[in-house]
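J.: A single structure is presented below for examination.
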Amino acid sequence: MAKILVSSCLLGCAVRYNGSDVEVNSQDFNWLVDTQEIVPLCPEVSAGLPIPRAPAEICGGSGTEVLAGTARVIGSDREDLTDQFILGADLALRLCRDQDIKFAVLTENSPSCGSNFIYDGSFSGVKKKGIGIVAARLRESGVLVFSQHRVGRLRDLVEISRSI
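If you count the sequence shown from 1, you need to add 8 to reach this note's numbering.
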């Protein structure tokens, strides 16, 4: 059994910006919840952001650029939320280090958790290839990050490592 960090919203917690969760209906995700040790986290809430809150998007790049200081996280209300999002990423990394977590399943498209796609910063619903701040921070530290749509790949890794 692997210990895996999972976005709280994927587990039915109503922590998203609009007070909702993200429903995941897949056999692979069911396998994850039923057979692995899950450590839930919403990095945005852990950093002190309220529920509900204005939606936020990365402007000027992706999570990697936010961590490098060349992009910002801006709310639809134009509030700069960069510091809170970086704090959430740092808290996620600390949790992974403290609990020896090597894998994470994070919510796709999120400015924190997106691992393949994020919104483009225009608040128009357009997505672009990119990575969120938490996903970037964890990957740079060696944690393997998957979206809720790619849990099958994680399952394969966990099963292979168990047979070695």
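Cβ coordinates follow ideal geometry from the N, Cα and C atoms, glycine included. The structure presented is a predicted model; accordingly, all values stated were derived computationally and were not measured.
In chain order, which continuous runs of the beta strand (DSSP E) of length 3 or greater are located wholly inside the region 50-75?
T.: Along the length of the region 50-75, whole beta strand (DSSP E) runs at least 3 residues long occupy 64-67, reported in chain order.
J.: Need the endpoints of the alpha helix (DSSP H) that S171 sits in, please.
T.: From DSSP, the alpha helix (DSSP H) with S171 extends over 159-171.
J.: Please return the same chain residues whose Cβ sits closer than 8 Å to the Cβ of G83, not counting the five positions on each side in sequence.
T.: R61, A62, P63, A64, L89
J.: Would you check if the region 33-52 and the region 66-82 touch, i.e. whether three or more CB-CB distances between them fall below 8 Å?
T.: No: fewer than three Cβ pairs fall under 8 Å.
J.: Return yes when the Cβ of I139 is within less than 8 Å of the Cβ of G122, no when it is not.
T.: Yes. Within cutoff.
J.: What's the C-alpha gap between V159 and Y127?
T.: 21 Å
J.: Against chain B, does K135 count as a neighbour if the rule is that its beta carbon must be under 8 Å from one of theirs?
T.: In summary, chain B is missing from the structure at hand, where a single protein chain is found.
J.: CA-CA distance, D36 and K110?
T.: 18 Å
J.: Return the CA-CA distance between K135 and E116, expressed in angstroms with no decimal places.
T.: 10 Å
J.: Would you mind working out which of C17, F131, P119, H157 sits nearest V47, comparing C-alpha positions?
T.: C17
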